[in-house]
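Everything on this sheet refers to the single structure shown next.
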Amino acid sequence: MLWLFFMVNVTRVTHALTSHLQEKRVDIIVAIDIISTTLKLIQNMRNDDATMINMIQQTVQSAETFDIDVDIEFQRPHKPRQKSRRINDNPHTSVTLT
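Residue numbers for the sequence shown follow the working numbering, beginning at 4 and rising by one.
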């Protein structure tokens, strides 16, 4: 549930891009400009610690309005990831990548 609140903050940044690209007539120059601006904003969000901390705090505040305990959500037991069925020790089916 916390990831949904977090992704709301991310999708606010990408909303202008998706709205423009879904129009019937798309100006390619404007689309390229919006794409590059959106990529810069997302990279800044990722690289700037203050922005990331702010987004996390907004997520926590949103979760608390719905009585979601953030600490419990992060400590929930998760099913361990299973080994891929494609990967095995059979040399007849293995491929060596070079």
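Just so it is clear, CB atoms sit at the ideal spot from N, CA and C, and this is done for glycine as well. Because the structure is a prediction, the values reported are computed rather than measured.
- Neighbourhood of F8 by C-beta distance below 6 Å, restricted to the same chain and skipping five residues each side: T62, S65, A66
- Item | Closest by C-alpha distance to T54, when choosing among L5, L100, L42, N12 | N12
- Task: Would you tell me roughly how many angstroms separate the C-alpha atoms of R84 and I56, rounded to the nearest one?
- Result: 28 Å
- What span of residues does the alpha helix (DSSP H) with H18 cover, start to end? Segment 5-24, the alpha helix (DSSP H) holding H18.
- Message: I need the DSSP call for Q60, collapsed to helix, strand or coil.
- Response: helix
- Query: Got a sec? Which residues, its chain only, sit under 7 Å from L24 by beta carbon, not counting five neighbours each side?
  - Reply: Sequence-distant partners of L24 (beyond 5 residues in either direction) whose C-beta falls short of 7 Å from its own C-beta, in its chain, are A34.
- Helix, strand or coil at D52 [DSSP, three-state]: helix
- Message: Pop quiz: I37 and L20 are said to be a contact at Cβ under 8 Å. What is the actual Cβ separation, rounded to whole angstroms?
- Response: 5 Å
- Considering I75, what are the terminal residues of the alpha helix (DSSP H) in which it resides? 73-78
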